[in-house]
Structures are given as structure tokens and as C-alpha cells.
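Q: Just so you know, we're using our numbering here: the sequence shown kicks off at 486 and counts up by one. From the three backbone atoms N, C-alpha and C, an ideal C-beta is built for every residue, glycine too.
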Amino acid sequence: MSNNFSNYKFGTKAIHAGADPDPSTGAIMTPIFQTSTYTQESPGKNKGYSYARGKNPTRDALQKNIAALENGKHCLCFSSGMGSIDAIIKMLRPGDEVITGDDLYGGSYRMFTKVFANFGIKFHFINMTTASNIEKHINSNTKLIWVETPTNPTMQIMDIEACAKIAKKHKLILAVDNTFASPYLQNPLALGADIVMHSVTKYLGGHSDVVMGALVVNDNTIYEQLAFIHNSCGATPGPMDCFLVMRGIKTLHLRMERHCFNGRQVAEYLKTHPKIEKVYWPGFTDHPNHDIAKKQMRDFGGMISFVLKEKSIENTFKLASSFKVFSLAESLGGVESLINHPATMTHASIPKAERDKAGVTDNLLRLSVGVEDIEDILEDLKQALA
Ligand SMILES: *Cc1c(COP(=O)(O)O)cnc(C)c1O
486 MSNNFSNYKF GTKAIHAGAD PDPSTGAIMT PIFQTSTYTQ ESPGKNKGYS
536 YARGKNPTRD ALQKNIAALE NGKHCLCFSS GMGSIDAIIK MLRPGDEVIT
586 GDDLYGGSYR MFTKVFANFG IKFHFINMTT ASNIEKHINS NTKLIWVETP
636 TNPTMQIMDI EACAKIAKKH KLILAVDNTF ASPYLQNPLA LGADIVMHSV
686 TKYLGGHSDV VMGALVVNDN TIYEQLAFIH NSCGATPGPM DCFLVMRGIK
736 TLHLRMERHC FNGRQVAEYL KTHPKIEKVY WPGFTDHPNH DIAKKQMRDF
786 GGMISFVLKE KSIENTFKLA SSFKVFSLAE SLGGVESLIN HPATMTHASI
836 PKAERDKAGV TDNLLRLSVG VEDIEDILED LKQALA
């Protein structure tokens, strides 16, 4: 009995969508099909699988699951989040132009400026917090709008629905990097986006043990193009990683509830702390796009950045190394709390002048608030900031 669970609520989909019992044994958990190839009865006559770069049953199950979480028709999983962004940009041709934000994940910025710019694709990095600003940069070569919201690390919020209206009007593709929100907090396809991208490495995987990416789309033509690139270029994930992510996703809704609960407590604690200049978190009513965040997100998540009053990088480094519950590390979205220094870690590939302009200063720190007990998290912040 197959059921795509499309009419069920989020937590039920997280646990069941795509995870049909294995038909050969009844195993309730999808097996790890650790195989590169599949036997054929006669050339071309097979059971729907011929070579594992193209298709693997463990990956199929995960793709169905993530598609269900984003209320999308198709999902493709990649060997990293960057691999999935790479596939989107490969739909373009030399001379095409992309409009994107001025506060992006460092790796996206690096790939756009250092890899794809060399192939003749032009990127405009603009302030997108007011969607109408996008229209000023559209010309006859524009093909794609790339939106990240909330942004990494300054938690800017873009109005996805307003971006989608502009994309539709000018016949552009709108792709949204939904990594920070996860499908639990935000579903861009429902707001009019054409492609949703996830670094599955983060909240979807949720346990800091897998690197993976995913794209979800409704449009069959876009899907065919992406699936062709996926198989042709080959950034596909292995079955063991797919299994681990499926296991992680079964608790996505529970984890996200706790990330949001803990995130709120931490944001409010930091906001009144005498050593802190500014806290970036979309749940604050004085966040410039709080109303948009409220409209398009279910809650505000566990990602928070803050700026210290004391500006020196030495002081910031000292603080970053003085936590006991928070680990100093890149990445985010796992069950454990992490602290990161964007200027020298995740965003080091962005030139300092650009970083400073985007607010990614030397005295900015980013937290991925985990799902530990909130009392221990707050105590850790208190001792580190003492
Ligand atoms: C981590 C991240 C990526 C890249 O994903 P990888 O899985 O590390 O390749 C892209 N966008 C955002 C917002 C991220 O946080």
C-alpha cells in the first residue's frame, strides 16, 4: 500500500512520506541499497534501476519525503548543498544574469563570483529586503532571482511572495535557499517560488553527521532540466547518507519546536545584555521585516547573530572560545549548539570591505541554538559573557 501522505500534517509526513515498508521483506525502515549497479534481464529490461548515479531506492524514498515536506511534486538530492546550487546555475547560459541578495551564504557568493562568473554569467548582489528594488536590476538577460531568507548571518528577511510576483511578471525563475528556515518553518513553493533549495546538512539532517543538498520543484520542465544535470554532472548522494537523513527527518518537527523555543529565550537574553550592541533575530518586533517573517514563517527559528560592543577581533575570539555547551564550529542546524565567527569562518571567502558593508564585522558572532536544556544554554552564555 503506497500513500504519499500529501493530505497529512507536517509531523506525520516527516515520519511517513516516502517510507513505504520494503516490499521484499516488510522492513519498516527503508533499506540502505548499497549498490552501484542493478542486474538486467536483457539489455534495457530492468526493474526501473540501471545505475546508482541515476537512481537508487534509498534516495528515491528520501526524495519523496522531502518533496512532501515542501508540498512539492519533485525532489532531487545532491551530495552537498553547493552541488544543488551548482545544478540550478547550470540551467543558465553565458550572458545570462542573476539577481541575488547582498548577504548570502559565503559558499554561494564564492561559487557565483569565482566559478560561474568565469563562464560568463553575471550576478547582481543587491539589497532585496524591499522586493521592489529587484525590478530596477532586471533587463532582457535576467533569468534567475536567487533569494536566501532568512539570510546567513544577518538574518535579513525577504518577502518571498512579493519576489514571486516580480519573477512571474518578468518570466524569471525564482529559487529560494530555505536552509535557515527548514521546511517546518517556511514553504517557498506555496508562496510562488519555482525552486526550493536546502543544505540538507543543516536542519533536515539535523545531527551534524551528513553533508547533502536538495532541490524541490513543482514545474515538470524545470524538473526535467535539473534531473538531467543531476545525472549528467553526478553530484548525487550515497545511500547510507540518504538513510541517515531520513532517520534525522523523522524528528524534524520536534527538533524545530525546541530550536524555536530555545532560540527565543537566547535572543531575548542577549538583547538586554550590557556587553552586546545588537542582536539579529527575525522574531523581534523591531526587526525591520518582522511582519514579513510573521507572514511567511511558522516561527522564527534558532539562528541568532549578535554584535559585541567591544570591537576588537581578539576580544571576539576570546569570547568565541570560552563556551562549554556551545562548540566553536562552522555549520548549523544540528541538535547541539554551535557558535561561529562568520568573518573568519563561514564568510571568510567574502572580501572584508564587502563583509563590513553587509554587517559581517569582526565583532559579529553567530549562534545555532541547539535543543539542549535551555537552563544550561543560558548559563553557558552568562559565564562566557561575564
Ligand atoms: C551550508 C549552507 C549552504 C551550503 O550547503 P552545503 O551542504 O554545506 O554544501 C548553502 N546555503 C546555506 C544558507 C547554508 O547554510
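Just the Cα atoms here: how many angstroms apart are T598 and V681?
A: In a straight line, the C-alpha of T598 is about 21 angstroms away from that of V681.
Q: What number of angstroms, rounded off, separates the C-alpha of I502 from the C-alpha of F490?
A: A small fix is needed here, since residue 502 is Ala in this sequence, not Ile. Each residue's Cα considered, the two are about 6 angstroms apart.
Q: Classify F495 as helix, strand or coil using the three-state DSSP reduction.
A: Three-state result, F495: helix.
Q: Using the rule of at least 16 other Cβ atoms within 10 Å of the residue's Cβ for burial, across every protein chain shown, is S593 buried or exposed?
A: Result: buried.
Q: Which residue wins for smallest C-alpha separation from F604, given the options R578, L755, K796, F808?
A: Closest option to F604, Cα to Cα, is R578.
Q: If you count every other CB in all the chains shown that lies within 10 Å of the CB of I513, and 16 or more means buried, which is it?
A: Label assigned to I513: exposed.
Q: Can you give me the C-alpha to C-alpha distance between S834 and L850, rounded to a whole angstrom?
A: If you take the alpha carbons of S834 and L850, they lie about 16 angstroms apart.
Q: Could you pull out every unbroken beta strand (DSSP E) segment of at least 3 residues lying fully inside the stretch 494 to 568, listed in chain order?
A: The stretch 494 to 568 contains these whole beta strand (DSSP E) runs: 559 to 563.
Q: Give a yes or no on whether the C-beta atoms belonging to V820 and H692 are separated by under 8 angstroms.
A: For V820 and H692, yes; Cβs fall inside 8 angstroms.
Q: Which runs of the beta strand (DSSP E) spanning at least 3 residues fall entirely within the stretch 649 to 717, listed in chain order?
A: Counting whole runs of 3 or more residues, the stretch 649 to 717 contains the beta strand (DSSP E) stretches 658 to 662, 680 to 684, 698 to 702.
Q: Report the three-state DSSP secondary structure of F610 (helix, strand or coil).
A: F610: strand per DSSP, three-state reduction.
Q: Counting only the same chain and skipping the five closest in sequence on each side, list residues whose C-beta sits under 6 angstroms from that of G690.
A: Closer than 6 angstroms at the Cβ level, and outside the excluded window around G690, lie V730, G733.
Q: In this structure, what does DSSP give as the bridge partners for I789?
A: DSSP lists L852 as partners of I789.
Q: Quick one, are the C-beta atoms of S853 and G818 less than 8 angstroms apart?
A: In contact: S853 and G818 (Cβ atoms closer than 8 angstroms).
Q: So what does T627 bridge to, in DSSP terms?
A: Beta-bridge pairing links T627 to E582.
Q: Kindly provide the chain-ordered list of residues whose Cβ lies closer than 7 angstroms to any non-hydrogen atom of ligand 1.
A: Those residues, listed in chain order, are S565, G566, M567, G568, I570, Y590, G592, S593, E633, N637, D662, T664, F665, S684, V685, T686, K687, V696, M697, G698, S816, L817.
Q: Compute the distance between the beta-carbons of P767 and I642, then report whether it is under 8 angstroms.
A: It is a contact, given that the beta carbons lie within the stated cut-off.
Q: Between M486 and P506, what straight-line distance do the alpha-carbon atoms span, to the nearest angstrom?
A: Confidence at M486 is low in this model, with a pLDDT of 43, below 50, so its placement is unreliable and the value that follows should be read with caution. Taking the straight line from one Cα to the other gives about 9 angstroms.
Q: Kindly list the residues whose CB is nearer than 6 angstroms to the CB of V792, restricted to its own chain and excluding five residues on each side of it in sequence; keep chain order.
A: Excluding residues within five positions, the ones whose Cβ falls inside 6 angstroms are E762, K763, N848, L849.
Q: How is I835 classed by DSSP in three states: helix, strand or coil?
A: Note: I835 maps to coil in three-state DSSP.
Q: Drop a sphere of 10 angstroms on the beta-carbon of F713, count the other beta-carbons inside from all chains shown, and report buried for 16 or more, exposed for fewer.
A: Counting Cβ neighbours within 10 Å, F713 comes out exposed, since fewer than 16 surround it.
Q: What does the alpha-carbon distance come out to for the pair F769 and T757?
A: F769 and T757: Cα-Cα distance of roughly 12 angstroms.
Q: Helix, strand or coil, according to DSSP, for N800 in the structure here?
A: Helix.
Q: Could you round the C-beta distance between I623 and H655 to whole angstroms and report it? I think they count as a contact, below 8 angstroms.
A: Right, the Cβ-Cβ distance comes to about 5 angstroms (below 8 angstroms), so this counts as a contact.
Q: Use the C-beta contact count for Q525: other C-beta atoms within 10 angstroms, 16 or more gives buried, fewer gives exposed.
A: Result: exposed.
Q: Using C-beta distances below 7 angstroms, list every residue in its chain close to G787, excluding the 5 sequence neighbours before and after it, in chain order.
A: Cβ within range, chain order: H744, C745, N747, G748, S853, V854.
Q: One question on the structure: do A814 and L804 come within less than 8 angstroms of each other, judged by their Cβ atoms?
A: No, the pair does not count as a contact, with Cβ atoms beyond the cut-off.
Q: For L899 versus A499, is the C-beta spacing smaller than 8 angstroms?
A: Residue numbering for the chain in the displayed model covers 486 to 871; residue 899 lies beyond these limits and cannot be assessed.
Q: Would you please state the rounded distance, in angstroms, between the beta carbons of A843 and D588? I believe it to be under 8 angstroms.
A: Contact flag correct, Cβ pair sits at about 5 angstroms.
Q: Hey, how far is the Cα of E742 from the Cα of G533?
A: Roughly 39 angstroms separates the two Cα atoms.
Q: Skipping 5 residues on each side, what residues in its chain have a beta carbon closer than 6 angstroms to that of F785?
A: Taken in chain order, the residues that qualify are P767, G768.
Q: Please list, in chain order, all residues of the same chain as Q519 whose beta carbon is under 6 angstroms from its beta carbon, the five residues on each side excluded.
A: Closer than 6 angstroms at Cβ, skipping near neighbours: P724.
Q: Tell me whether the beta-carbon of N703 lies closer than 8 angstroms to the beta-carbon of L674.
A: Result yes, Cβ atoms of N703 and L674 sit closer than 8 angstroms.
Q: Given a cut-off of 8 angstroms, decide if Y688 and S717 are closer than it, judged by their beta-carbon atoms.
A: Contact flag unset, no.
Q: Based on DSSP bridge pairs, tell me the residues matched to L813.
A: In DSSP, L813 forms a bridge with I824.
Q: If I658 and A649 are in contact, beta carbons under 8 angstroms, what's the gap, nearest whole angstrom?
A: 11 angstroms between Cβ atoms; not a contact.
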